[in-house]
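Chemist: Structure incoming, see below.
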Amino acid sequence: MSVELITVGDELLIGQVVDTNSAWLGQELGRIGAQVDRIVSVHDTAADIEAAVRGALERADVVIMTGGLGPTKDDITKRTLAECFGMRLVRDEAVYEHVRQMTAERGMPFNTLNQDQALVPEGCRVLPNRVGTAPGMMFVQRIGERQRMLFSLPGVPFEMKTLVTEQVIPLLREYFALRSVVHRTMMTFGMAESALAMTIAPWEEALPAWLHLAYLPNPRGIRLRLSAYDVEQSVAEQEITRQFEKLREYIAPYMLGYEPSSVESAVADLLRERGKTLAVAESCTGGAVSARITAMAGASEYYLGGVTSYSNAAKVNLLGVAAEDIERWGAVSETVARQMAAGAVTRFGADYGVSTTGVAGPGGGTPEKPVGTVWMAVAWRTVEGAVETEARCMRFSELREQNIERAATHALNMLRLRLLGVSEAFQQTGML
1 MSVELITVGD ELLIGQVVDT NSAWLGQELG RIGAQVDRIV SVHDTAADIE AAVRGALERA
61 DVVIMTGGLG PTKDDITKRT LAECFGMRLV RDEAVYEHVR QMTAERGMPF NTLNQDQALV
121 PEGCRVLPNR VGTAPGMMFV QRIGERQRML FSLPGVPFEM KTLVTEQVIP LLREYFALRS
181 VVHRTMMTFG MAESALAMTI APWEEALPAW LHLAYLPNPR GIRLRLSAYD VEQSVAEQEI
241 TRQFEKLREY IAPYMLGYEP SSVESAVADL LRERGKTLAV AESCTGGAVS ARITAMAGAS
301 EYYLGGVTSY SNAAKVNLLG VAAEDIERWG AVSETVARQM AAGAVTRFGA DYGVSTTGVA
361 GPGGGTPEKP VGTVWMAVAW RTVEGAVETE ARCMRFSELR EQNIERAATH ALNMLRLRLL
421 GVSEAFQQTG ML
């Protein structure tokens, strides 16, 4: 089954809004064995919408459109589709009542624009939208010997996702004989894609011919996805699990767990399993490390708190960093990073502390410490009660947002490795 996606909206073409709908649709359709062959974005004009629809229906079995179904005058997808398929707009009473109730619950006026949400092309299949006012629509067309299907869905992401999950995918399963597909993804962090590929090459070459490996890099790691097509599900799942277990022989310290595992979720699991607590001291990351931790449910079991010590005075007064060391070595230095992490442990009474101090950019760099220089440290209590530390320096880019995210991820990964008992020497090889 071939699929094409059409996204409607000037805001997409001028870069005002990022098209996340297509990325999500591609992932969800891939899970059921459907292949997206083309993605097109068009302006809010009838001519552009109609041309895109007619072209897509000539090529694809299924066309999924998002956008242009709102109540305002520039939302013309519904009218254009009615004209394209030679249908008149009629009021759907169930949708009308749903919109009336939803506007009343939200304290909104039930005006003519909202009432028009209930107008749909006569003959289409209406897909009720329980989380919004604009219904989805399904059209079935016969072109030559083949039956083609078009779905028109709201562009609001959470509305679109609800309709796809609850209605579109079940309809696709009903109308088409979809391929059997099993995907499973292992999350990794700490090794560059090329180094990772070279390291696991023997494992990859030994994979069964019916298993397909994909490398999916992003700023928070590299996802390794194994896919099996047209293989009995239980057989595929067992073999994929077995192969990922074999992968541990090659890259165990870099493996975070199955998707949606992350560095922070791996840290959370380790702290929880060991009954340990954590405190955080941040400078250049401005709270990003703490935010990543507290975004997970149950963080209060192990996370005691954090300090965003952006100024030198805060480092001294809140974390106990020696003022003379800042004067001598600078705030972006190994000794300050170590003292910040140790201060987090002692001030909060935590078992572990992690710190970041660096030059996020775009200004503030020097020849010795250019933009993107970040020192990070981990501190922990020994059995005897003493506090020990380890630190490392990393050089990132000149992009502030990217530097903050990468520094937070690497600091959390440094803590993860300490919890796993991975040696400091191994961490400093540059592979992590």
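If you read the sequence shown in UniProt numbering, its first letter stands for residue 1, the second for the next number, and so on.
Cβ atoms here follow ideal geometry from the backbone N, Cα and C, with glycine treated the same way.
Using only CA atoms, which one of Met198, Glu273, Glu239 and Tyr258 lies nearest to Tyr250?
Modeler: Among Met198, Glu273, Glu239 and Tyr258, the Cα nearest to that of Tyr250 is on Met198.
Chemist: Alpha carbons only, please: which of Gly86, Gln115 and Arg88 is nearest the one belonging to Thr72?
Modeler: Selected option, being the one with the closest Cα: Gln115.
Chemist: Alpha carbon to alpha carbon, what distance is there between Val345 and Lys276?
Modeler: Going by the C-alpha atoms only, they are around 12 Å apart.
Chemist: To the nearest angstrom, how far is the alpha carbon of Glu58 from that of Phe396?
Modeler: Their Cα atoms are separated by approximately 47 Å.
Chemist: Among residues of its own chain, excluding the 5 on either side of Leu415, which ones have a beta-carbon nearer than 8 Å to its beta-carbon?
Modeler: So the qualifying residues of the chain are Val267, Leu278, Tyr352, Val354 and Val378.
Chemist: Does DSSP put Arg146 in a helix, a strand or coil?
Modeler: Correct three-state label for Arg146: strand.
Chemist: Note down, in chain order, each residue of its chain lying with its Cβ closer than 6 Å to the Cβ of Arg338, except the 5 sequence neighbours on either side.
Modeler: Counting only Cβ-Cβ distances below 6 Å, and skipping sequence neighbours, we find Ala377, Thr389 and Ala391.
Chemist: Would you tell me roughly how many angstroms separate the C-alpha atoms of Gly385 and Ala350, rounded to the nearest one?
Modeler: Approximately 11 Å between the Cα atoms of the pair.
Chemist: Give the single residue among Gly190, Ser300 and Ala214 whose Cα lies nearest to the Cα of Ala201.
Modeler: Closest by alpha carbon: Ala214.
Chemist: Can the beta-carbon of Thr285 be found less than 7 Å from the beta-carbon of Ala407?
Modeler: Yes.
Chemist: Could you check what DSSP says for Tyr215 in three-state terms: helix, strand or coil?
Modeler: In this structure, Tyr215 counts as strand in the three-state DSSP scheme.
Chemist: Is Gln339 helix, strand or coil by DSSP?
Modeler: Residue state, collapsed to three classes: helix.
Chemist: Going by other Cβ atoms of all chains shown within 10 Å of its Cβ, with 16 needed for buried, is Phe348 buried or exposed?
Modeler: The residue in question, Phe348, is buried, as its Cβ has 16 or more Cβ neighbours within 10 Å.
Chemist: Which class does Met414 belong to by DSSP, given the choice of helix, strand or coil?
Modeler: Here Met414 sits in helix by DSSP.
Chemist: Between the Cα of Glu398 and the Cα atoms of Glu245, Arg248, Val371 and Ala288, which residue gives the shortest distance?
Modeler: The shortest C-alpha separation from Glu398 is found at Val371.
Chemist: My assumption, with CB atoms under 8 Å, is that Glu273 sits in contact with Ile293. Please give the rounded CB distance.
Modeler: Wrong, their Cβ atoms sit about 16 Å apart, outside the cutoff.
Chemist: Find out if the Cβ-Cβ distance for the pair Val181, Tyr254 is shorter than 7 Å.
Modeler: No, they are not a contact pair.
Chemist: Which partner residues of Cys393 appear in the DSSP bridge assignment?
Modeler: Answer by DSSP bridge pairing, in chain order: Trp375.
Chemist: Which residues in the same chain as Leu304 place their Cβ atom closer than 8 Å to its Cβ, once the five residues preceding and following it in sequence are excluded?
Modeler: Same-chain partners within the cutoff: Thr277, Leu278, Ala279, Phe348, Gly349 and Ala350.
Chemist: Buried or exposed: Thr382, going by 16 or more other Cβ atoms within 10 Å of its Cβ?
Modeler: Looking at its Cβ environment, which holds fewer than 16 other Cβ atoms inside 10 Å, Thr382 is exposed.
Chemist: Which first and last residues belong to the alpha helix (DSSP H) in which Val99 is found?
Modeler: Element bounds for Val99: Glu93 to Glu105.
Chemist: Counting only runs that start and end within the region 289-361, where is the beta strand (DSSP E) found for 3 or more residues in a row?
Modeler: Segments of the beta strand (DSSP E) lying fully in the region 289-361: 303-308 and 352-358.
Chemist: Is the distance from the Cβ of Met160 to the Cβ of Thr20 below 7 Å?
Modeler: In this structure, Thr20 does not lie closer than 7 Å to Met160 by Cβ.
Chemist: For Ala228, which residues does DSSP report across the bridge?
Modeler: Partner(s): Val182 and Leu211.
Chemist: For Leu13 and Gly421, I'd like the C-alpha separation in whole angstroms.
Modeler: Near 49 Å, if we compare the C-alpha coordinates of Gly421 and Leu13.
Chemist: Going by DSSP in three states, Ile49 sits in which element: helix, strand or coil?
Modeler: Here Ile49 sits in helix by DSSP.
Chemist: May I have the straight-line CA-CA distance separating Glu11 from Pro109, to the nearest angstrom?
Modeler: Cα-Cα distance, rounded: 26 Å.
Chemist: DSSP has Ala201 in a bridge; who is on the other side?
Modeler: Bridge partners of Ala201: none, in fact.
Chemist: Express the C-alpha separation of Ile222 and Gly306 in angstroms, rounding to a whole number.
Modeler: Between Gly306 and Ile222, the C-alpha separation is close to 28 Å.
Chemist: Taking all protein chains shown into account, do 16 or more other C-beta atoms lie within 10 angstroms of the C-beta of Thr165, making it buried, or fewer, making it exposed?
Modeler: Thr165 comes out exposed.
Chemist: State the beta-bridge partners of Pro121 as determined by DSSP.
Modeler: Looking at the DSSP assignment, Pro121 forms a beta bridge with Leu89.
Chemist: With DSSP collapsed to three states, give me the class of Ile14.
Modeler: In the structure shown, Ile14 sits in coil (DSSP, three-state: anything other than H, G, I, E or B).
Chemist: In whole angstroms, what separates the C-alpha of Ala134 from that of Gly68?
Modeler: Rounded to whole angstroms, Ala134 to Gly68 spans 10 Å at the Cα level.
Chemist: Does the region 138-158 come close enough to the region 75-89 that 3 or more CB-CB pairs lie under 8 Å?
Modeler: The region 75-89, when compared against the region 138-158, does touch it at the 8 Å Cβ threshold.
Chemist: To the nearest angstrom, how far is the alpha carbon of Thr409 from that of Arg173?
Modeler: Between Thr409 and Arg173, the C-alpha separation is close to 39 Å.
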